[in-house]
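K.L.:
If you read the sequence shown in the UniProt record's numbering, its first letter stands for residue 1, the second for the next number, and so on.
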Amino acid sequence: MEIRQLKTFLTIAKLGTFTKAAHFLGYTPSTVTTHIQLLEKELNVILLERLGQQITLTKHGEEFYDYADKIVRLECESKSALHKSHIPSGPLTIGMSESLCAFRMTELIKDFNLLYPTVELNIKVGISSDFRAMLRKNILDLAFFLEPSFSDPDLTYALLWPEPIVLLSSPTHVLSKLEKVEPKHLRDQSLVLVESGSNYRLALEKDLEHAGIRLKTILEIGQIEVIKQLVIHNSGITLLPLVSVQKEIQAGELAVLPWKGTEVQMNAFLVYHKNKWLNDSIKAFMALVRKEKKLIYANLK
Numbered sequence: 001m002e003i004r005q006l007k008t009f010l011t012i013a014k015l016g017t018f019t020k021a022a023h024f025l026g027y028t029p030s031t032v033t034t035h036i037q038l039l040e041k042e043l044n045v046i047l048l049e050r051l052g053q054q055i056t057l058t059k060h061g062e063e064f065y066d067y068a069d070k071i072v073r074l075e076c077e078s079k080s081a082l083h084k085s086h087i088p089s090g091p092l093t094i095g096m097s098e099s100l101c102a103f104r105m106t107e108l109i110k111d112f113n114l115l116y117p118t119v120e121l122n123i124k125v126g127i128s129s130d131f132r133a134m135l136r137k138n139i140l141d142l143a144f145f146l147e148p149s150f151s152d153p154d155l156t157y158a159l160l161w162p163e164p165i166v167l168l169s170s171p172t173h174v175l176s177k178l179e180k181v182e183p184k185h186l187r188d189q190s191l192v193l194v195e196s197g198s199n200y201r202l203a204l205e206k207d208l209e210h211a212g213i214r215l216k217t218i219l220e221i222g223q224i225e226v227i228k229q230l231v232i233h234n235s236g237i238t239l240l241p242l243v244s245v246q247k248e249i250q251a252g253e254l255a256v257l258p259w260k261g262t263e264v265q266m267n268a269f270l271v272y273h274k275n276k277w278l279n280d281s282i283k284a285f286m287a288l289v290r291k292e293k294k295l296i297y298a299n300l301k
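Laid out in structure tokens, this is it:
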């Protein structure tokens with residue numbers, strides 16, 4: 001028994017003739033006849049009584065009509081339900097470094113919420129080392145973070161864009177007057193830095209350690225906005241992604257120091273677990289990233 005046979009039977013019952021049913025369904029009259037013959041053979045009953053050109057339902061046909069109608073309706077409903085199930089919805093948990101979340105992704109997040117209001121978007125701000133562990137434990141669906149390069153056998157990634165990192169001070173700070181700032185100039189300086197574990201902080205500390213430089217103090221702050229205010233008020237120098245301080249630089253509140261140590265260069269990555277099932281919400285977010293942020297290199301499923 002096939003759905004098309006049931007549809008043919010129902011159409012004949014409604015229109016009253018094989019010819020009208022064939023025209024309505026786009027079949028030849030012989031195809032319509034074959035559908036009914038096969039259906040009656042399988043059910044082992046006569047469904048339609050032929051009186052000249054007019055067709056009427058037999059008693060068995062009347063009994064079968066309701067069942068056929070229910071089956072066809074259920075088929076339509078199931079297709080509709082499956083189509084709706086492909087509309088992104090439900091929870092989507094994404095990890096982002098603070099600089100990316102606050103200064104790169106806000107418009108994208110806003111656009112995603114407008115496009116997919118039934119998705120429960122949960123953004124967790126943190127550092128890449130934590131995100132790696134959370135991806136492995138399936139706590140995160142996706143993660144966006146900064147690293148100089150990326151390699152992890154358990155994770156799939158896409159390189160999004162390079163993220164310049166700059167050394168900063170107040171315009172009145174003594175280091176802002178120098179033509180070049182070398183690691184030795186940071187000796188006995190106070191640094192206001194993001195929390196330990198940040199990749200660009202680790203890169204600076206490694207460079208200073210290699211040069212044998214001991215810092216006076218390190219003030220560790222978990223929020224970029226607080227760090228900027230402290231540096232603006234001459235409480236030390238800092239290292240931050242350029243995108244997070246462009247407004248303050250243009251306003252003359254922060255000065256970019258001409259750093260001559262090892263260049264601190266980070267890249268933004270989109271990452272997820274290699275065995276992660278990419279549901280419709282994840283695919284939709286990734287598609288929006290592809291659309292709004294041109295990928296340099298992608299290694300995505």
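Yeah, the Cβ is synthetic: ideal placement off N, Cα and C, and Gly gets one too.
1. Please list the terminal residues of the continuous alpha helix (DSSP H) segment that includes S128.
2. Return yes when the Cβ of I46 is within less than 8 angstroms of the Cβ of F18, no when it is not.
3. Judging by CA-CA distance, which residue of L230, K184, S235, L240 is the nearest neighbour of L215?
4. From the DSSP secondary-structure annotation, give me the bridge partner or partners of L178.
5. Is the number of C-beta pairs between the stretch 149-156 and the stretch 117-126 that are closer than 8 angstroms three or more?
6. One question on the structure: do L108 and V271 come within less than 8 angstroms of each other, judged by their Cβ atoms?
7. Look at the Cβ atom of P164, then the Cβ atom of A255, and state whether they are nearer than 8 angstroms.
8. Thinking just about the alpha-carbon of each residue, which of A251, T217, R201, G261 is nearest to the one in P241?
9. Could you tell me the boundaries of the alpha helix (DSSP H) in which T8 lies?
10. Nearest CA to the CA of E49: which residue from N138, K59, E209, E63?
11. So L208 packs on L193, CB below 8 angstroms; how close in whole Å?
12. Thinking C-beta only, is Q5 closer than 8 angstroms to L43?
13. How about F269 and L159: do their beta carbons lie closer than 8 angstroms?
14. Can you find the residues in the same chain that come closer than 7 angstroms, C-beta to C-beta, to K274, ignoring five residues on each side of it along the sequence?
15. Any idea what DSSP makes of G236, helix, strand or coil?
16. Would you mind giving the Cβ-Cβ distance between I237 and L146, rounded to the nearest angstrom? I have them listed as a contact below 8 angstroms.
17. Please classify M1: is it buried, with 16 or more other beta-carbons within 10 angstroms of its beta-carbon, or exposed?
18. Of all the options G222, E220, V245, which has the alpha carbon lying nearest to the alpha carbon of residue 305?
19. Would you please state the rounded distance, in angstroms, between the beta carbons of V181 and L278? I believe it to be under 8 angstroms.
20. Can you give the Cα-Cα distance for L10 and L115, rounded to whole angstroms?
21. Among the candidates Y27, I94, K247, E62, whose CA atom is the shortest distance from the CA of K283?
22. Which of the three DSSP states is assigned to Y157 in this structure?
23. Along the chain, where does the beta strand (DSSP E) that runs through P91 open and close?
P.N.:
Let me spell this out:
1. 128-136
2. no
3. K184
4. Partner(s): none; L178 has no beta bridge.
5. no
6. no
7. no
8. R201
9. Element bounds for T8: 3-15.
10. Out of N138, K59, E209, E63, K59 has the C-alpha closest to the C-alpha of E49.
11. No, L208 and L193 are not in contact; Cβ-Cβ is about 11 angstroms, not under 8 angstroms.
12. No; because the gap between Cβ atoms is not below 8 angstroms, this pair is not in contact.
13. yes
14. D154, L155, T156
15. coil
16. Between L146 and I237 the Cβ distance is about 20 angstroms, and since that is not below 8 angstroms, they are no contact.
17. exposed
18. This structure does not reach residue 305, given that the chain is present from 1 up to 301, and the question cannot be answered.
19. Contact flag wrong, Cβ pair sits at about 45 angstroms.
20. 40 angstroms
21. I94
22. strand
23. 90-96
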